[in-house]
Amino acid sequence: MTNTTPARYRSPGVLAAAFALSFGLAITASHAAEGSVEPQAIPPAQPAAETLSARQQAIPLIAAFMATSDMPRLDAALNQGLDAGLTVSEAKEILVQLYAYTGFPRSLNALGELMKVVEARKQRGIQDAPGREPGRVIPTGDELLAVGKANQTRIAGAPVQGPLFDFAPVINQYLQAHLFGDIFERDNLDWQSRELATLGALAATPGVESQLRSHMAASMRVGLTAAQLRQLIQLLAKHGDAQAAARASEALAQALATMQKQTQPN
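When you line the sequence shown up against mature numbering (1 follows the signal peptide of the UniProt record, and there is no 0), it's residues -32 to -1, 1 to 234, in that order.
Encoded structure:
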């Protein structure tokens, strides 16, 4: 079936709800065999590490302060990230992606804050690396939907399906075509960075604990280690919000327990 919804799936309310539900309690990831559709290019695996780089450490803080509209601390986190080697393009991409989790108003406000930060740094004689724009050609129509479905499956660990998508199948079409297609096919930000940003935003948002737990597991699927995620929790506790850190800690513990059960023989 041809994708005929390029304009409507860009609604912020639809996208935010769809993404939350895609990893929530109402959705199950089925391991049933499906057609083997692969994305145009799967991001290369990155070596496992026990600590986050200075650049990576800034990402969840940027996301958390964006989610809570804490502009003074967002300003500080953006400066921290740029000082650590985050390019302007990467910083913009983080804030653009997060509209799927925090909504357009917070994304627009945060991008405005980034503009101020970059200009203020120029006035101080700091020339930040601009970075690059996405180089990959984003497909359209049926090909976009297929690529997005493949990306979604890889991040979720299995094809995402369940009663909710039987009830409202179009919501998964929006999810696959736009978030996992249009956004995740943009190759100017790696998937580990995208997940670090997602975790920071969700940890700072009360009421989305099931999605936070699912993204803890997704983060490990794209190459982040449990040690790195514990460091993320420490960063939130030290620089962010104690409740956000507590939510993230509980989510990681539950994700690890689930993974351990899945690996145990029956």
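All C-beta atoms, glycine included, are put in the ideal place defined by N, C-alpha and C.
Per the C-alpha coordinates, the member of A17, M188, T193, L63 positioned closest to A31 is L63. In the same chain as R181, and ignoring 5 residues on each side of it, the C-beta atoms closer than 7 Å to its own belong to A219, Q222, A223, in chain order. Using a Cβ distance threshold of 8 Å, L29 and L192 do not count as a contacting pair.
Per the C-alpha coordinates, the member of D150, A16, A44, A126 positioned closest to A78 is A44.
In this structure, the straight-line span from the alpha carbon of Q95 to that of H207 is close to 26 Å. In terms of Cβ geometry, A35 and A172 form a close pair [threshold 8 Å].
Proximity of the stretch 148 to 162 to the stretch 107 to 115 meets the contact definition, three or more beta-carbon pairs being nearer than 8 Å. Per DSSP, the continuous alpha helix (DSSP H) segment holding S57 begins and ends at 56 to 65. Residues L20 of the same chain have their beta carbon placed closer than 6 Å to that of Q196, with the five preceding and five following residues left out of the count.
Non-local beta-carbon contacts of N47 in its own chain, meaning distances under 8 Å to residues more than five positions away in sequence, involve V85, R89 in chain order. By the Cβ-count criterion, G168 is buried, with 16 or more other Cβ atoms from all chains shown falling within 10 Å of its own Cβ. One alpha carbon belongs to L82, the other to V128, and they sit about 35 Å apart.
When the Cα atoms are used, G53 and P40 turn out to be separated by approximately 21 Å.
DSSP, reduced to helix, strand and coil, places G49 within a helical segment of the structure shown.
Non-local beta-carbon contacts of R215 in its own chain, meaning distances under 7 Å to residues more than five positions away in sequence, involve A171, E177, L180 in chain order.
Apart from sequence neighbours up to five positions away, the residues of its chain that approach R23 with a beta-carbon distance below 8 Å are G49, A52, G53, L54, ordered along the chain. With three or more CB-CB distances shorter than 8 Å, the stretch 114 to 123 counts as touching the stretch 152 to 160.
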